[in-house]
Amino acid sequence: MRPVLLLLPLVQLAACAAEPTPAASDLRARQEAACTATIAAHIRRPPAEVTSRWLSDAAGVATVEARDGNRLHLCQVDGSGRVLGYTHPGA
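Take the sequence shown: its letters are residues -17 to -1, 1 to 74, numbered as in mature numbering (1 follows the signal peptide of the UniProt record, and there is no 0).
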């Protein structure tokens, strides 16, 4: 009986590990949307006037490029889709 009891926690742990995680493309889309919304609020324009694209990820923080017209903004967005900050390169 004891070997079965010892395996039960391992089976439960394996079940938790098998739960699906969000796809990378979904995460990237959320990060792009967060950057778009933040920059739109920053420039006081509708989000439709801002285009964003995911550039890279380092240590769980993505860099997302946002453009409104010719102006460039770079957002740092964490894995939960929260914008940590943004910069204006070349400004």
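Glycine included, C-beta positions come from ideal geometry on N, C-alpha and C. Values in this document were obtained by computation on a predicted structure and should not be read as measured data.
Please classify residue i as buried or exposed, where buried requires at least 16 neighbouring CB atoms within 10 angstroms.
{"i": "S39", "result": "exposed"}
{"i": "L67", "result": "exposed"}
{"i": "A17", "result": "buried"}
{"i": "A41", "result": "exposed"}
{"i": "S63", "result": "exposed"}
{"i": "A24", "result": "exposed"}
{"i": "A49", "result": "buried"}
{"i": "A6", "result": "exposed"}
{"i": "R54", "result": "exposed"}
On a CA-only basis, which of the options is nearest residue i? Give me that one, please.
{"i": "A31", "options": "W37, H25 and A20", "result": "A20"}
{"i": "H71", "options": "G62, I22, V60 and A12", "result": "I22"}
{"i": "G73", "options": "G43, P29, H56 and V60", "result": "H56"}
{"i": "V60", "options": "D51, R36 and N53", "result": "R36"}
{"i": "P29", "options": "D51, S8 and G43", "result": "D51"}
Could you check where the alpha helix (DSSP H) with residue i kicks off and where it finishes?
{"i": "S8", "result": "A7 to I26"}
Name the DSSP beta bridge partners of residue i, please?
{"i": "V44", "result": "A41"}
{"i": "H71", "result": "Answer by DSSP bridge pairing: none, since H71 is not bridged."}
{"i": "D51", "result": "R54"}
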